[in-house]
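For reference, the structure is listed below as structure tokens.
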Amino acid sequence: MQKQQKAIQWVVEAVESGRINPLRPDMSIIPDDILKEIAWEESPEGEIVPKQAAVDVAIFLVVHAKMAETAGTNQHIPSHLSLETNEVITGIQCFAMLATLERL
């Protein structure tokens, strides 16, 4: 669990410092030990699912991407955001897939 928390914190700090653009995250700058924690895993039932850390990071990135997108059109930070369920689900799937592919 500590490794997953470290991975989440690394990505959060990278976004907040500007090293990672939430609209187009460059997975190549993320260290392999972090990628390992934010990728897909096999569940006990044999299904391939995103790790919880991948879900947490993806939701963080989706929210920050939406904020950046909204701020870009309105020139201010929004007081509230509206996200479609499919935006969040697609963000989680894409992020975990990119993290997994980057490790290959």
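For the sequence shown, the numbering used here assigns the number 739 to the initial residue and increments by one for each residue that follows. Even glycine gets a Cβ: it sits at the ideal position worked out from N, Cα and C. All values reported here derive from a predicted model rather than from experimental measurement.
Exposure label - residue i; buried when at least 16 CB within 10 Å
i, result
"I786", "exposed"
"I768", "buried"
"P788", "buried"
"K741", "exposed"
Rounded straight-line distance, which links the Cα of residue j to that of residue i
i, j, result
"E775", "N759", "20 Å"
"E751", "V795", "11 Å"
"F833", "E783", "22 Å"
"E825", "R757", "23 Å"
"E807", "Q790", "25 Å"
Residue-level contact to chain B via CB, residue i, 7 Å cutoff
i, result
"I830", "Of the chains in the structure shown, none is chain B; there is only one protein chain."
Segment limits, alpha helix (DSSP H) that includes residue i
i, result
"E712", "The requested residue 712 does not occur in the structure, where the chain is confined to residues 739 to 842."
"E825", "T823 to R841"
The beta strand (DSSP E) enclosing residue i, as first and last residue numbers
i, result
"K767", "The sequence as given places Ile at residue 767; Lys does not occur at that position. No beta strand (DSSP E) holds I767; DSSP gives it neither H nor E."
"Q786", "Strictly speaking, residue 786 in this sequence is Ile, with Gln absent from that position. Per DSSP, I786 belongs to the beta strand (DSSP E) from I786 to P788."
Nearest-angstrom beta carbon gap, residue j and residue i [assumed within contact, 8 Å]
i, j, result
"L761", "A837", "L761 to A837, Cβ: 17 Å. No contact."
"S766", "E840", "7 Å"
"A777", "A792", "6 Å"
- So does the segment 826-834 actually touch the segment 794-806, counting three or more Cβ pairs closer than 8 Å? Touching, per the Cβ criterion.
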